[in-house]
Amino acid sequence: MFIVFFMLCLLSSSAYAEKITIAAAADLKYAMDKIVKVFKKNHPLEDLEVIFGSSGKIFAQIQQGAPYDLYFAADISYPQELSKNGFASSDVKLYAIGKIVLWSTTHNASKMTLTDLKDTKIKHIAIANPKHAPYGKRAQEALEATKVWNDIKSKIVYGDNIVQTAQFVQSGNADIGIIALSIAMNPELSNQGAHWPIPDNLHKPLEQAYIITKRAANNKLARKFADFMETTPAREIMIKYGFVLPKERDQTKNPGKK
Amino acid sequence: MLLDDNDIQTICLTLKLASITTIILLIIGTLLAWWLTHSKRKWKKIINAIVALPLVLPPSVLGFYLLLAMGPNGFVGKITNALGISPLPFTFSGLVVASVLYSLPFMVQPLNNAFESIGKRPLEVAATLRASPLDAFFSVILPMALPGYLTASILTFAHTVGEFGVVLMIGGNIPGKTRVSSVQIYDHVEALEYAAAHRLALVMVIFSFLVLLALYIWNPKSKKE
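Protein chains in written order, with numbering that gives the first Met the number 0: chain A, 0 to 257; chain B, 0 to 224.
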């Protein structure tokens, strides 16, 4: 019985022609899961898995030979650097512009601005670690641009990535946080709290880009998935999660609507 | 200078956390190990299993439950709130509480072994000499269990220094408060500062080696009966 089961496992894994692994920045957690689901529905024979982490971590892993076929970063500089060093087999392609929001489950964040963070009632403010998480870097820039950074610095707690940052807020341990709009738009979170979009002019743009890695140079499935990101179903999901897509950005001037 | 100020700050914080945790566990661990050694209750085995849990549980499980329990909606959070103490996550006290749980078996199990190998006899002898139980413990048991205490303290201290997952989940990575060396190394690596990561990591390797070496020098197997 056990042997039969074991054999089945072996067989089932060889039934797929190709298998790819997608490494994606944590801000894509919910959107990418959805996109992969739709892709699998359209291509039931293809096998692909997604792992999530901070952009910096995945960047380092690819340099050390991690078996990832596609890399969706939250900051274009990481794939650019990989491409420069010969780790890419495709162009560095912009796929979305990210947005940051103030988000809270205990305060009505939709009526707050960054200067309200100085309020003594707010004890802990969660942001992603600016040292290696692009969304954390942009959060710090926005706080510095508003000239509140020095006043609230001691209240800041740092999440390892943007999902953990959201989790600090969701569990009620941090009063408020600056997270990716794409995370705040996930139904599980948007039901719990309100958010306030942080104006784009307070920070450098969150230009998110992907590459097909060198090891997937001849992988048809990797190419197919990259192409799928350009199709309407995938784009609609990205828009639903609050991303501004490259082409759309040029047409609409003010993407800050909810 | 090999290490920068931030790295040194994390080392000081790590040593402070490990020291406080060890001191607290010396007290809790002694009481618990003593009870486990001498109690005849059947459900003692259940307590034994609970004490050993942190040995096998992934730190993520401990971190997850602590984050929820200590949060404003958790039962620990409600207690701290009622007592007027600020919530434990993102605080140094929170890390101490987590470390005490995380390192509990490393204190209790060696002490339990030490007490068991001493047995009841010395206490009974002390009692015939009219020593009070407390007196008997400090003048008879403690000296006899000293190697056990050394092992337990060193293991507890070292294990707390090596703590990572739990701290990452409930600490919030605050410089000077919850950013310990293991987290600092992780951040260095994530930020691709490999040289800085190497320096701090090397300090950890040397430290851990020296601690374990001390353990084997002070407490060689041959001395154990």
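Yeah, the Cβ is synthetic: ideal placement off N, Cα and C, and Gly gets one too.
Cβ pair count under 8 Å reaching 3, the region 144-161 of chain B against the region 103-114 of chain B: Between the region 144-161 of chain B and the region 103-114 of chain B there are three or more inter-stretch CB-CB distances shorter than 8 Å, so the stretches are counted as touching.
If distances are taken between C-alpha atoms only, which option among Ala25(A), Lys36(A), Leu116(A) and Asp26(A) comes closest to Phe224(A)? Along the first sequence, read from residue 1 onward, the residue named residue 224(A) stands at position 225. Nearest option by C-alpha distance: Lys36(A).
Backbone CA spacing between Lys117(A) and Ser59(B) [nearest angstrom]: Translated into positions along the first sequence, residue 117(A) becomes position 118. Translated into positions along the second sequence, residue 59(B) becomes position 60. Between Lys117(A) and Ser59(B), the C-alpha separation is close to 32 Å.
Measure the Cβ-Cβ separation of Ile99(A) and Tyr67(A) and say whether it is below 8 Å. As a working mapping, residue 99(A) is identified with position 100 in the first sequence. As a working mapping, residue 67(A) is identified with position 68 in the first sequence. Result no, Cβ atoms of Ile99(A) and Tyr67(A) do not sit closer than 8 Å.
Residues in its own chain within less than 8 Å of Thr79(B) by CB, not counting five upstream and five downstream? In the second sequence, the residue the question calls residue 79(B) occupies position 80. The beta carbon of Thr79(B) sits closer than 8 Å to those of Met69, Ser85, Pro86 and Leu87, all from its chain and outside the five residues before and after it, given in chain order.
Ignoring anything shorter than 4 residues or poking outside the region 54-82 of chain B, list the alpha helix (DSSP H) runs there in chain order. Scanning the region 54-82 of chain B for uninterrupted alpha helix (DSSP H) segments of 4 residues or longer gives 58-69 and 74-81, listed from N- to C-terminal end.
Can you check whether the CB of Ala48(B) is closer than 8 Å to the CB of Phe114(B)? On the second sequence, position 115 is the one that residue 114(B) refers to. On the second sequence, position 49 is the one that residue 48(B) refers to. No; because the gap between Cβ atoms is not below 8 Å, this pair is not in contact.
Given 8 Å, three or more beta-carbon pairs between the region 81-100 of chain A and the region 199-213 of chain A: Look at the beta carbons and you see the region 81-100 of chain A touching the region 199-213 of chain A: at least three pairs across the two are nearer than 8 Å.
Mind checking if Asn172(A) is an interface residue toward chain B, Cβ cutoff 8 Å exclusive? Indexing the first sequence from 1 puts residue 172(A) at position 173. Yes, contact with chain B.
Once DSSP output is grouped into helix, strand and coil, what is the label at His158(B)? Position 159 of the second sequence, counted from the start, is the residue given in the question as residue 158(B). Helix at His158(B).
With a CB to CB cut of under 7 Å and the five nearest residues on each side skipped, what residues in its chain are close to Ala216(A)? Residue mapping note: residue 216(A) aligns to position 217 of the first sequence, counting from 1. Counting only Cβ-Cβ distances below 7 Å, and skipping sequence neighbours, we find Ser88.
On the CB-based measure, 16 or more other CB atoms within 10 Å of its CB, does Gly118(B) come out buried or exposed? Sequence index remark: in the second sequence, residue 118(B) carries index 119 (1-based). Exposed, by the Cβ-count rule.
Quick check on DSSP: helix, strand or coil for Asp46(A)? On the first sequence, residue 46(A) is found 47 positions in, with the first residue counted as 1. Asp46(A) falls in the strand class under three-state DSSP.
By the criterion of Cβ-Cβ separation under 9 Å, what are the contact partners of Phe51(A) in chain B? Stepping through the first sequence from its first residue, residue 51(A) is reached at position 52. Within chain B, no residue comes near Phe51(A); the closest Cβ sits about 14 Å away, beyond 9 Å.
If you compare alpha carbons, which of Ile182(A), Asn149(A) and Leu220(A) is closest to Asn190(A)? Counting from 1 along the first sequence, the entry for residue 190(A) is found at position 191. With distances taken between CA atoms, Asn190(A) lies nearest to Ile182(A) out of Ile182(A), Asn149(A) and Leu220(A).
Identify which residue in Gly85(A), Ser53(A) and Tyr157(A) has its Cα closest to the Cα of Phe71(A). Numbered from 1 along the first sequence, position 72 holds the residue referred to as residue 71(A). Looking at the Cα atoms, Ser53(A) is the closest of the given residues.
For Ser102(B), collect the residues of the same chain with a Cβ closer than 7 Å to its Cβ; drop the 5 residues on either side in sequence, then sort them by chain order. For the purposes of this step, residue 102(B) is taken as residue 103 along the second sequence, with counting starting at 1. Take Ser102(B), set aside five residues on each side of it, and the residues of its chain with a beta-carbon closer than 7 Å to its own are Thr20, Leu24, Thr155, His158 and Thr159, in chain order.
Beta-carbon contacts of Trp148(A) that lie in its chain and below 6 Å, excluding the five residues immediately before and after: Within the first sequence, residue 148(A) is the residue found at index 149, counting from 1. Correct list, in chain order: Leu142.
Taking Cβ-Cβ distances shorter than 9 Å, what residues in chain A pair up with Leu149(B)? Within the second sequence, residue 149(B) is the residue found at index 150, counting from 1. Residues of chain A passing the Cβ test: none, with the nearest at roughly 36 Å.
Please say whether Phe89(B) and Thr177(B) have beta carbons closer to each other than 8 Å? In the second sequence, residue 177(B) corresponds to position 178, counting from 1. In the second sequence, residue 89(B) corresponds to position 90, counting from 1. In contact: Thr177(B) and Phe89(B) (Cβ atoms closer than 8 Å).
Counting C-beta neighbours from all protein chains within 10 Å, is the total for Arg129(B) 16 or more, i.e. buried, or is it exposed? As a working mapping, residue 129(B) is identified with position 130 in the second sequence. Of the residues assessed, Arg129(B) falls on the exposed side of the cut-off, its CB having fewer than 16 other CB atoms within 10 angstroms.
Determine the closest residue to Leu214(B) out of Tyr64(B), Gly28(B) and Pro146(B), with distance taken between C-alpha atoms. By one-based count along the second sequence, residue 214(B) stands at place 215. Nearest option by C-alpha distance: Pro146(B).
Would Val156(A) count as contacting chain B if we go by Cβ distances under 8 Å? As a first step, residue 156(A) is located in the first sequence; it is residue number 157 there, counting from the start. Closer than 8 Å to some Cβ of chain B, the Cβ of Val156(A) qualifies, so yes.
Identify every run of the beta strand (DSSP E) within the region 113-152 of chain A, keeping only runs that are complete inside it and at least 3 residues long; order them along the chain. Complete beta strand (DSSP E) runs here, min 3: 124-127.
First and last residue of the uninterrupted beta strand (DSSP E) at Lys41(B): Within the second sequence, numbered from 1, the residue matching residue 41(B) stands at position 42. Unbroken run through Lys41(B): none, as it is neither H nor E.
Determine the burial state of Val96(B): buried for a count of at least 16 other Cβ atoms within 10 Å of its Cβ, exposed for fewer. Here residue 96(B) refers to the residue found at position 97 of the second sequence. Val96(B) is classed as buried because its beta carbon has at least 16 other beta carbons within 10 Å across all chains shown.
Count Cβ pairs between the region 168-181 of chain A and the region 122-137 of chain A that sit closer than 8 Å; are there 3 or more? The region 168-181 of chain A, when compared against the region 122-137 of chain A, does touch it at the 8 Å Cβ threshold.
Report the three-state DSSP secondary structure of Ala24(A) (helix, strand or coil). What you label residue 24(A) is simply residue 25 of the first sequence in a count that begins at 1. Strand.
Verify the CB distance criterion: does His131(A) have a CB-CB separation below 8 Å to chain B? Mapped onto the first sequence, residue 131(A) falls at position 132. Among the CB atoms of chain B, one or more fall inside 8 Å of the CB of His131(A).
Three-state secondary structure assigned by DSSP to Pro174(B): For the purposes of this step, residue 174(B) is taken as residue 175 along the second sequence, with counting starting at 1. Coil, per DSSP.
Which residues, in chain order, does the region 60-92 of chain A contribute to contact with chain B at a C-beta distance below 8 Å? So nothing in the stretch comes that close.
Per DSSP, what are the beta-bridge partners of Gln207(A) in this structure? Position 208 of the first sequence, counting from 1, holds the residue named residue 207(A). DSSP output for Gln207(A) lists Ala95(A) as bridge partner(s).
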